[in-house]
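These protein sequence lines map, in sequence, to chains V and W. Residues 14 to 533 in this note's numbering are what the first sequence spells out, letter by letter. Residues 232 to 818 in this note's numbering are what the second sequence spells out, letter by letter. Where is the CB? At the ideal position from N, CA and C, for every residue including glycine. Since the structure comes first, as structure tokens, the remarks are kept for the end.
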Amino acid sequence: MNGGDEVVAAPAGPPQPLEWKFSQVFGERTAGEEVQEVDIISAIEFDKSGNHLATGDRGGRVVLFERTDAKDHGGSRRDLESVDYTISRHPEFRYKTEFQSHEPEFDYLKSLEIEEKINKIRWCQTANGALFLLSTNDKTIKYWKVQEKKVKKISEMNVDPSKAIANGCISSIASSSNSSSPRPSYLANGGSPDKSYSYLTNDFPFPPGGIPSLRLPVVVTSHETSLIARCRRVYAHAHDYHINSISSNSDGETFISADDLRINLWNLEISNQSFNIVDVKPANMEDLTEVITSAEFHPTHCNMLAYSSSKGSIRLVDLRQSALCDTHAKLFEEQEAPGSRSFFTEIIASISDIKFGKDGRYVLSRDYMTLKLWDINMDSGPVATFQVHEYLRPKLCDLYENDSIFDKFECCLSGDGSRVATGSYSNLFRVFGCTPGSAEATTLEASKNPMRRQVQTPARPARSLGSSLTRVVRRGADSPGVDANGNSFDFTTKLLHLAWHPTENSIACAAANSLYMYYA
Amino acid sequence: MATIDEPLYPIAVLIDELKNDDIQLRLNSIRKLSTIARVLGEERTRKELIPFLGENNDDDDEVLLAMAEELGAFVPYVGGIEHANVLLPPLEALCSVEETSVRDKAVESLCRIGARMTGKDLIEYFIPLVKRLAAVEWFTARVSSCGLFHMAYPIAPEVSKTELRTIYGQLCQDDMPMVRRSAASHLGKFAATVEVTHLKTNILPIFEDLTRDEQDSVRLLAVEGCAALGKLVDPEDCVEIILPIMVNFSKDKSWRVRYMVANKLYELSEAVGPEPTRSDLLPAYVRLLRDNEAEVRIAAAGKVTQFSRILNPELAIQHILPCVKELSADSSQHVRSALASVIMGMAPDLGKDATIVQLLPIFLSLLKDDFPDVRLNIISKLDQVNQVIGIDLLSQSLLPAIVELAEDGHWRVRLAIIEYIPLLASQLGVEFFDDKLGALCMQWLKDKVYSIRDAAANNVKRLAEEFGPDWAMQHIIPQVLDMVNDQNYLYRMTILHAISLLAPVLGSEITSSKLLPLVINASKDRVPNIKFNVAKVLQSIIPVVDQSVVEKTIRPCLAELREDPDVDVRFFATQALKSSNQVGKSS
């Protein structure tokens, strides 16, 4: 028997649990370094190809990373592989560029500060080698184009700029030569405005061969390139409440933005109008019982979208049905077990994030305690429920006191839809296998040694909650001694944002200001 | 560099500014591209300027848009039509930028140039360009290519024609919905150039594929193709192939598709003729008028008049009118509003009797609608129905509707009805107006909202134009005279504004005898704002009245205002005096 035979002989059961390995970290903190609030990552998103990764932070910046190991160059790639790449084929990224997407603002009409924090980033269709993405803070969505531009320099001109500046009237000449009314300052240069202007209009006898002394500016293109991010559109003033989601449509021309009570539909090219498609605002705000927490378009059907609510339900909406989609096509919610109701039931039922699987059949939702996988063809209940925070149940009161119970954890599905992942406290994240029969449930820590926490049994309650709360944010990996027992839960270090690579088993997750990447 | 002749200096700067850092200056230079081309001469334009533009196509969208537009009219500057092909490369590059408006403009310019090019050049340069664009990796270029086929196809040799049809077919099945949308929306134009024999074998299958596209956004553009193709193919084919597609579309799951059908149905019925319209399209249209989705009903209601015109009156009365009755009581105000804006147009087609029996009750109910827009839409089209049945039948219901609108809580509604008052006045006649509406017009002059007072002043002027100076003397001036002594200076100001508008209409005599004393009197007002408005009004009155009046009355008054303690009053008085001097000189 050799290794090969064993693989063949293995029964066709659920896939083996993945062995996660550390790949990369960006913005790693040194021990004891304080985290700047503005550096904390607040959004992560891979693009469709998986060759780019974008993060947004509380300081309104968007940072882009690009994949270095799999630049597709056809035949030449094979050559490269035979020379350089022999073993390591997991995605590796490098810093590409960053830009300031949002600035802090003040709404004078409502006397409200608008934070610059990036709430969501979504990639759009690539075109002409440029990257396009949408980023949003609480109120304003922006459409960005990031493009490599060759550095160009102008080497020759008709009018020597240095000389003209010495004359002290370059600007006035410049404007008078173009505007229809020459300014008096033009006279200072010795020409009469009427006479010289006429050359640009009618009387000038254009010689048939042209005037040889005039030249076009000579532009020298250097080999250097620079990345330029330009804001192409701003979609503003359409949300009374805070935007929690944006999602681009498979038709390539529209996207939605959702706030607490409404979902709006935009055309990417039209920034001054949007259509309200869902409005859950009651006539009387005192009747408000439920808010929208997340919304996403179906990955392939341009007419379908799903949104989740604070009551733990997911609604599937068909845009074909009517212009205003207040009535859902399908409703997914789980009946609560009788007798289990408590003060916290409704709070922990609130869904913080939903994601469609790649094929659009499954929807993953995250509430405070669990991950749930839903089949959109089955609205009686979730096809699978994964306990993420069950061990916190006895602590709910404390969590309520310190507001941690309102933390909004994101979730993600692997590209093949066979696994799901979500974040937790103490910079932990969990990966579950969701194929039938799979018992895979891995806990990893966002550090250079992700498997360190695997031994821990999460069902055991935390030891000293109070002390951990007062602790300064710290880097676990570099100081393994701090929580060697592995069961103190640090509610200040929470891993809210993570994303799964669209085609490979690779996860990017944010621990405060650091971006950790893992592969399996 | 420094040797540029002094007279050439502005042009030299203009050329340099093609590369200025300031986008506004670059934009200016691009807009003057023809001047630059003339200075360089035809040959250097071809060899230097055009390649230069081709290389510098990573500029701001605004500059690129201007460039795309300029190049479309550049044929004369490159040496006439035999050299037009040099313009294609830069425009080809612009066809692939990601900004839609730039691409559209580049396509438009390419079509302009292509329309003038010789057949040989088109084959040599234009057709390869279209094929290249259709095969570019990025969807943006493929989107643009769809808009060029109708230029390339007619002159293409037989082999290329087959190829072009195949390529277009592929574009209609592109992976990118954007490309399919572009192909769908240009299909009608392209099909118009394809020979009838190929239309049925090649184009219709392509079209049928588009009508089954999974993306709503593609299917709804295919609806437009229905009407366009319907006009091209034989009537039999149209009835056999396109009509069922349209009828199917009218039952589509997506309301956006049905919405498009509601808008386009009448175009197809023009193509298929009366019999299929009656048997197939009429039931489809009636279904759309009763659609579940309000947006679809809005679109359908908006086409009621156009569709009824195609049918004969009996059919319209039998099938359409019952729906119209339902729509006039629709739960959506927007549906009622859309109906109200077109329904008056049905009157001429149905004739007097049917209008009185069938339509009049609907008009009357819409005039009593809760929603002001509905009432306004009816009132705005009053002239159409007036021609058919006269105004008397309506006037009883009209007046309460107008009065209610005139006193509506929303000032925008009041503003809208004021705009229609001159129309109403001309339709209703002087007596009716005197009786019922005169008081309203005066009341608006004292509205709380400035825009209303402003519109009311304008309205008074338009009424004076409609009914003449004599009527105005009797019915407007006395009330105006009254109001000039109002407690509130804002109302006094409105009157001054009205006077300045009325003066040119009423003529020299009335102005100097009736209006001018009022204005002069107002110059003693205690509020400076009134006083400088007096100066402004006087300035506007100067050209109306006799020179003697200016000398005797206006100038002394202005001279007095020029010594006013308030700086603004002095400023406007001085200005008015200056203009009175100029008038004096010129006469």
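Tell me the rounded alpha-carbon separation between Ser810 (chain W) and Ile772 (chain W).
Between Ser810 (chain W) and Ile772 (chain W), the alpha-carbon positions lie close to 11 Å from each other.
Can you list the residues of chain W that Pro312 (chain V) reaches, using a CB-CB cut of under 8 Å?
Under a criterion of Cβ atoms nearer than 8 Å, no residue of chain W is adjacent to Pro312 (chain V); the nearest Cβ is some 13 Å distant.
In its own chain, which residues sit with a C-beta less than 6 Å from the C-beta of Ala804 (chain W), not counting the 5 before and 5 after it?
So the qualifying residues of the chain are Ala766, Leu789, Leu792, Arg793.
With 16 as the cutoff for other CB atoms within 10 Å, does Met298 (chain V) come out buried or exposed?
Result: exposed.
Quick check on Arg333 (chain V): buried or exposed, where buried means 16 or more other Cβ atoms within 10 Å of its Cβ?
Arg333 (chain V) should be labelled buried.
For the alpha helix (DSSP H) that contains Trp702 (chain W), what are its first and last residues?
For Trp702 (chain W), the enclosing alpha helix (DSSP H) begins and ends at 700-706.
Which chain W residues sit within Cβ distance under 7 Å of Glu266 (chain V)?
In chain order: Met409, Ser448.
Counting contacts by CB-CB distance shorter than 8 Å, is Cys315 (chain V) in contact with chain W?
Yes, because at least one Cβ of chain W sits closer than 8 Å to the Cβ of Cys315 (chain V).
Let me know the secondary structure DSSP gives Gly669 (chain W) once reduced to three states.
The answer is helix: DSSP assigns Gly669 (chain W) an H, G or I state.
On a CA-only basis, which of V:Tyr121, V:Arg71, V:Ala296, V:Pro28 is nearest Val48 (chain V)? Give me that one, please.
Of V:Tyr121, V:Arg71, V:Ala296, V:Pro28, the residue nearest in Cα terms is V:Arg71.
Using DSSP's beta-bridge definition, name the partner residues of Trp675 (chain W).
DSSP lists no bridge partner for Trp675 (chain W).
Excluding the 5 residues flanking Val232 (chain V) on each side, which residues of the same chain have their C-beta closer than 6 Å to its C-beta?
The answer, listed in chain order, is Lys165, Ile167.
To the nearest angstrom, report how far apart Ser739 (chain W) and Val780 (chain W) are at their CA atoms.
For Ser739 (chain W) and Val780 (chain W), the distance between alpha carbons rounds to 10 Å.
Are any of the Cβ atoms in chain W nearer than 8 Å to that of Arg333 (chain V)?
The beta carbon of Arg333 (chain V) falls within 8 Å of a beta carbon belonging to chain W, placing the residue at that interface.
Per the DSSP calculation, Arg374 (chain V) is bridged to which residue(s)?
Note: Arg374 (chain V) is not bridge-paired with any residue in the DSSP secondary-structure output.
I'd like to check one pair, Thr306 (chain V) with Trp33 (chain V): are the Cβ atoms closer than 8 Å?
With contacts defined as CB atoms closer than 8 Å, Trp33 (chain V) and Thr306 (chain V) fail to qualify as a contacting pair.
Short check: CB of Gly447 (chain V) to CB of Leu511 (chain V), under 8 Å?
As written in the sequence, residue 447 (chain V) is Cys, which differs from the Gly given in the question. The answer is no: Cβ separation not under 8 Å.
Residues in the same chain with beta-carbon distance under 7 Å from Ser323 (chain V), minus the five sequence neighbours each way, listed in chain order, please.
Counting only Cβ-Cβ distances below 7 Å, and skipping sequence neighbours, we find Glu303, Val304, Thr306, Ser363.
Best match in V:Gly370, V:Gly394, V:Cys424 for proximity to Met382 (chain V) [C-alpha to C-alpha]
In this structure, V:Cys424 is the residue among V:Gly370, V:Gly394, V:Cys424 with its C-alpha nearest to the C-alpha of Met382 (chain V).
Cβ-Cβ separation, Lys583 (chain W) to Val616 (chain W) (assumed contact under 8 Å), whole Å:
Their Cβ separation, rounded to whole angstroms, is 10 Å, which puts Val616 (chain W) and Lys583 (chain W) out of contact at 8 Å.
DSSP beta-bridge partners of Thr455 (chain V)
Looking at the DSSP assignment, Thr455 (chain V) forms a beta bridge with V:Val444.
With Glu329 (chain W) and Asn280 (chain V) assumed to form a contact (beta carbons below 8 Å), what rounded beta-carbon distance in angstroms separates them?
15 Å between Cβ atoms; not a contact.
Tell me which residues share the same chain as Thr238 (chain V) and place their Cβ nearer than 8 Å to its Cβ, disregarding the 5 neighbours each side in the sequence.
Cβ within range, chain order: Glu161, Lys162, Lys163, Val164.
So with Cβ pairs under 8 Å, would you call Cys182 (chain V) a contact of chain W?
In this prediction, Cys182 (chain V) scores a pLDDT of 38, lower than 50, which makes its location untrustworthy; the coordinate-derived value is nonetheless stated afterwards. Chain W, which has no Cβ nearer than 8 Å to the Cβ of Cys182 (chain V), makes this no.
Proximal residues to Asp795 (chain W) (C-beta, below 8 Å), its chain only, five neighbours per side dropped:
Around Asp795 (chain W): Pro759, Lys762, Arg801, Ala804.
Can you tell me whether Val390 (chain W) is buried or exposed? The criterion is at least 16 other CB atoms within 10 Å of its CB, across all chains shown.
In this structure Val390 (chain W) is exposed. Its beta-carbon is surrounded by fewer than 16 other beta-carbon atoms within 10 angstroms.
Kindly indicate which three-state DSSP category Phe357 (chain V) falls into: helix, strand or coil?
Shown here, Phe357 (chain V) sits in coil according to DSSP, grouped into three states, outside any helix or strand.
Please decide whether Pro104 (chain V) counts as near chain W, where near means a Cβ-Cβ distance under 8 Å.
No, Pro104 (chain V) does not count as interfacial toward chain W.
So what does DSSP say about Gln29 (chain V), is it helix, strand or coil?
In the structure shown, the three-state DSSP call for Gln29 (chain V) is coil.
To the nearest angstrom, how far is the alpha carbon of Phe698 (chain W) from that of Ile741 (chain W)?
Taking the straight line from one Cα to the other gives about 15 Å.
Of the choices W:Glu273, W:Glu323, W:Leu607, W:Phe283, whose alpha-carbon is the least far from that of Phe305 (chain W)?
For Phe305 (chain W), the closest alpha carbon among the candidates W:Glu273, W:Glu323, W:Leu607, W:Phe283 is that of W:Glu273.
Residue from W:Leu636, W:Glu506, W:Tyr356 with nearest C-alpha to Leu671 (chain W)
When C-alpha distances from Leu671 (chain W) are compared across W:Leu636, W:Glu506, W:Tyr356, the shortest belongs to W:Leu636.
Neighbour flag for Leu409 (chain V) against chain W, beta carbons, 8 Å:
It does not: the Cβ of Leu409 (chain V) has no partner Cβ on chain W nearer than 8 Å.
Chain-order list of residues whose beta-carbon lies under 7 Å from that of Lys556 (chain W) (same chain, five-residue window excluded)
Once the five neighbours on either side are set aside, the close Cβ partners of Lys556 (chain W) are Ile593.
Supposed close pair Tyr531 (chain V), Leu457 (chain V) - CB separation, criterion 8 Å:
That belief holds up - the Cβ atoms of Tyr531 (chain V) and Leu457 (chain V) are roughly 7 Å apart, short of 8 Å.
What's the call for Pro507 (chain W), buried or exposed, on a 16-neighbour Cβ count within 10 Å?
Buried is the call here.
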